[in-house]
Amino acid sequence: MERGYWIKSKPVYTSLVWHEKATSHLVLATGIGGMAVLKLFQQMHPRQPVTVLYARYAQMDADYSETLKKVVPENLHIFKFEEELLAELKQMLPAACMGLRLYVAGSEGFIWDVASAAKPFGVDDAEIMKELTDTLARSVYCVHCKAVTRNVTTNIVPCCGCERMLFVRDHFSRNLGAYMGLMVDAESPGELPAIEEIYP
Amino acid sequence: MNMIDVKVAAIKQVTPLIKHFTFVKEDGSELPPFSGGSHIVVALDADGRTYRNPYSLMGSPTQTDAYHISVRRQENSRGGSAFMHENVSVGMTLKITHPVNLFTLAKMAHKHILIAGGIGITPFMSQIEDLKRLGVEYELHYAFRSYAQAAFVDELKKACGSSLYCYGDSEGERLDIKGLLSRQPLGTHVYVCGPSPMVVSVIETARDLGWPEHSIHNEQFLSPPVGEPFKVQLAKSEIEVEVPAEMSMLEAIEAAGVKAEYLCRGGVCGRCELGVLEHDGGLEHHDHFLTESEKASCRKIMPCVSRSKGKRLLLDL
């Protein structure tokens, strides 16, 4: 890839750090994201109430729930699946007040599922602290048939909707939580560059 | 700057200290459209100099046949508000700028909390019209010294109904800022306009509670502070300008015939920013625009409100 190549919409993820100024904290994590939560609890514990929602089974099948039970003093909710966690989040947000700080750790798909769950409540994704764990796998939006192919680890992928071979760009949609995918062999059908795993 | 000629169509004494002015175009045509929270700058020729003061437009943005402003007579007026109160009469022609909005409503917000102190109510008078038209949830919290001195309470009651909350200091009614900001649903934005301690208190309380920076809005026009007279050199114009104690640097530069950019003239918008080429210390930054590190670097200055105590100040103008 060309040096210095950078598309502005490509999200930047950080490590989770407690906000000093807050009314309450809500931490959401899946799978290996549990490690990010454990690291968060190594930092000085905030004065304000903290709630942690953790889903055990993400793509990497890593389970930190036993350790979290020992470390998180209260308000820890453990779920088997990400969908259950998101359903609980949607239950909690209507009663939440300004000053709630959101933290999310997990795969990129999970991070943006949380962002789209919070968006209808007026929460801008920029307000959510995000740590990418688990995998670099991308969701890819096909600009031809509009289908989203999830868990893409390669530079080129067949679209799950129309089966076109899509080149995965860095161009990211916060709204869709997905990268743009463009047909790679439109001009010379069947002529494909090497397919390589670059988002393990 | 492209000015508009307006005629003073009506003047109403609203309270002992506040006058409401209505401006129309002399030919009766429409004035430029504006959005809630906009202000205009009124140019006043008085005592051989030109005052240019910013005032919020408080009429409905849907009605552009007239502009409405309210002016509170400032206790230590440099002359602008006193001139508006004493010398401006019905039928007079004044020059105003096109409306500019530095205090816009966040259209994505789910709820709006508007907090006004005293004459700081004016920008909200046009914003509530926008909010009502959009049908968005809002609350207007209006704090003032006493009901006798408070402007527009009856109009606001009519316009806002149960969304209006009044606090008369003389009645012992206090706005509990922390309590108010602690119980707002996600997606709320807060707006404050009023005396400096109130604005600072709202901003700091919201920040401490963990409100994101982009959900906190304020408008606080500063009047240029009176200071010691000083001299400023303009590099491109190759002249030296004397800034008297009661004149701002921007006003002195304009009086010397040098064209300078400006919008708000109150230390908010940043348009009048000038580069500082040389100085010997003593820059007095009064604006809300430059960051602390920019102020410390002394490479820029806002001539609308800032001054100098040094002997030498060379500006890139």
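Chains as they are written, first to last, in the working numbering: chain W, 1 to 200; chain D, 201 to 517.
Glycine is no exception: its CB is placed at the ideal position from the N, C-alpha and C atoms.
Residue range of the beta strand (DSSP E) that includes residue i
i: Ala-55 of chain W; result: 50 to 55
i: Glu-339 of chain D; result: 337 to 344
i: Glu-440 of chain D; result: 439 to 443
i: Asp-245 of chain D; result: 238 to 246
i: Phe-223 of chain D; result: 218 to 225
i: Glu-131 of chain W; result: 129 to 132
i: Val-157 of chain W; result: 156 to 158
i: Cys-360 of chain D; result: From DSSP, Cys-360 of chain D is part of no beta strand (DSSP E) but of the alpha helix (DSSP H) over 353 to 360.
Presumed contact (8 angstroms Cβ cut-off) between residue i and residue j, rounded CB distance
i: Cys-393 of chain D; j: Gln-420 of chain D; result: 7 angstroms
i: Leu-381 of chain D; j: Thr-405 of chain D; result: 6 angstroms
i: Tyr-365 of chain D; j: Leu-340 of chain D; result: 7 angstroms
i: Ala-445 of chain D; j: Pro-425 of chain D; result: At roughly 10 angstroms, the Cβ-Cβ gap does not stay under 8 angstroms, so Ala-445 of chain D and Pro-425 of chain D are not in contact.
i: Val-476 of chain D; j: Lys-500 of chain D; result: 6 angstroms
i: Ala-266 of chain D; j: Ala-209 of chain D; result: 6 angstroms
i: Asp-125 of chain W; j: Lys-10 of chain W; result: Asp-125 of chain W to Lys-10 of chain W, Cβ: 14 angstroms. No contact.
i: Gln-349 of chain D; j: Thr-264 of chain D; result: Actually they are not in contact, since the Cβ atoms of Gln-349 of chain D and Thr-264 of chain D sit about 30 angstroms apart, beyond 8 angstroms.
For residue j and residue i, the rounded distance between their alpha carbons
i: Ile-7 of chain W; j: Val-140 of chain W; result: 16 angstroms
i: Tyr-255 of chain D; j: Trp-18 of chain W; result: 42 angstroms
i: Leu-176 of chain W; j: Leu-132 of chain W; result: 17 angstroms
i: Met-478 of chain D; j: Gly-470 of chain D; result: According to the sequence as given, residue 478 of chain D is Glu; it is not Met. Each residue's Cα considered, the two are about 20 angstroms apart.
i: Leu-386 of chain D; j: Ser-448 of chain D; result: 42 angstroms
i: Pro-395 of chain D; j: Leu-28 of chain W; result: 41 angstroms
i: Ser-346 of chain D; j: Tyr-367 of chain D; result: 8 angstroms
i: Arg-252 of chain D; j: Met-325 of chain D; result: 22 angstroms
i: Ile-32 of chain W; j: Gln-42 of chain W; result: 16 angstroms
i: Gly-279 of chain D; j: Asp-245 of chain D; result: 10 angstroms
i: Ser-238 of chain D; j: Tyr-391 of chain D; result: 14 angstroms
i: Glu-83 of chain W; j: Thr-149 of chain W; result: 18 angstroms
i: Glu-494 of chain D; j: Leu-483 of chain D; result: 12 angstroms
i: Leu-490 of chain D; j: Arg-56 of chain W; result: 48 angstroms
i: Val-288 of chain D; j: His-312 of chain D; result: 36 angstroms
i: Phe-110 of chain W; j: Ala-36 of chain W; result: 14 angstroms
i: Ser-24 of chain W; j: Tyr-103 of chain W; result: 11 angstroms
i: Phe-81 of chain W; j: Pro-299 of chain D; result: 54 angstroms
i: Ile-328 of chain D; j: Gly-466 of chain D; result: 23 angstroms
i: Met-180 of chain W; j: Tyr-5 of chain W; result: 16 angstroms
i: Lys-146 of chain W; j: Met-183 of chain W; result: 12 angstroms
i: Glu-226 of chain D; j: Gly-291 of chain D; result: 10 angstroms
i: Glu-337 of chain D; j: Leu-314 of chain D; result: 11 angstroms
i: Pro-189 of chain W; j: Phe-167 of chain W; result: 14 angstroms
i: Pro-46 of chain W; j: Val-12 of chain W; result: 25 angstroms
For residue i, the first and last residue of its enclosing alpha helix (DSSP H)
i: Gly-475 of chain D; result: No alpha helix (DSSP H) contains Gly-475 of chain D, which is instead part of the beta strand (DSSP E) from 474 to 479.
i: Gly-369 of chain D; result: Per the sequence presented here, residue 369 of chain D reads as Asp, with Gly not at that position. Note, Asp-369 of chain D: premise wrong, no alpha helix (DSSP H); not H, not E.
i: Thr-405 of chain D; result: 396 to 409
i: Arg-333 of chain D; result: 322 to 334
i: Gly-379 of chain D; result: 377 to 382
i: Asp-205 of chain D; result: Looking at the DSSP string, Asp-205 of chain D is not in any alpha helix (DSSP H); the run it does join, the beta strand (DSSP E), is 203 to 215.
i: Met-292 of chain D; result: Careful: Met-292 of chain D lies outside any alpha helix (DSSP H) and carries neither H nor E.
i: Gly-34 of chain W; result: 33 to 40
i: Gln-433 of chain D; result: Taken as a continuous stretch (DSSP letters only), Gln-433 of chain D belongs to no alpha helix (DSSP H), being part of the beta strand (DSSP E) at 430 to 434.
Per-residue contacts from residue i into chain D (C-beta, under 7 angstroms)
i: Ala-22 of chain W; result: Gly-410
i: His-19 of chain W; result: Gly-410
i: Arg-101 of chain W; result: Gly-410
i: Glu-127 of chain W; result: Pro-412
i: Leu-28 of chain W; result: Those do not exist, as Leu-28 of chain W stays about 15 angstroms from chain D at its closest Cβ, beyond 7 angstroms.
i: Leu-93 of chain W; result: Leu-386
Beta-carbon gap between residue i and residue j smaller than 8 angstroms
i: Ser-270 of chain D; j: Lys-219 of chain D; result: yes
i: Ile-321 of chain D; j: Phe-352 of chain D; result: yes
i: Ile-198 of chain W; j: Asn-155 of chain W; result: yes
i: Thr-14 of chain W; j: Met-129 of chain W; result: yes
i: Lys-69 of chain W; j: Leu-76 of chain W; result: yes
i: Arg-407 of chain D; j: Cys-97 of chain W; result: no
i: Ile-453 of chain D; j: Pro-412 of chain D; result: no
i: Ala-456 of chain D; j: Val-441 of chain D; result: yes
i: His-486 of chain D; j: Leu-409 of chain D; result: no
i: Thr-388 of chain D; j: Ser-415 of chain D; result: yes
i: Leu-53 of chain W; j: Phe-79 of chain W; result: yes
i: Met-284 of chain D; j: His-268 of chain D; result: no
i: Phe-223 of chain D; j: Ile-211 of chain D; result: no
Amino acids of chain W, ordered along the chain, whose beta-carbon sits closer than 7 angstroms to that of residue i
i: Leu-340 of chain D; result: Here the premise fails: no neighbours, minimum Cβ distance about 18 angstroms.
i: His-312 of chain D; result: Those do not exist, as His-312 of chain D stays about 11 angstroms from chain W at its closest Cβ, beyond 7 angstroms.
i: Ala-309 of chain D; result: Gly-122
Partner residues on chain D for residue i, Cβ-Cβ distance less than 8 angstroms
i: Ala-96 of chain W; result: Pro-385 and Leu-386
Neighbour list for residue i in chain W, Cβ cutoff strictly below 9 angstroms
i: Ser-382 of chain D; result: Thr-23, Cys-97, Met-98 and Gly-99
i: Arg-407 of chain D; result: Lys-21
Residue i at chain A interface by Cβ criterion, 8 angstroms
i: Leu-409 of chain D; result: The structure shown contains no chain A; its protein chains are W and D.
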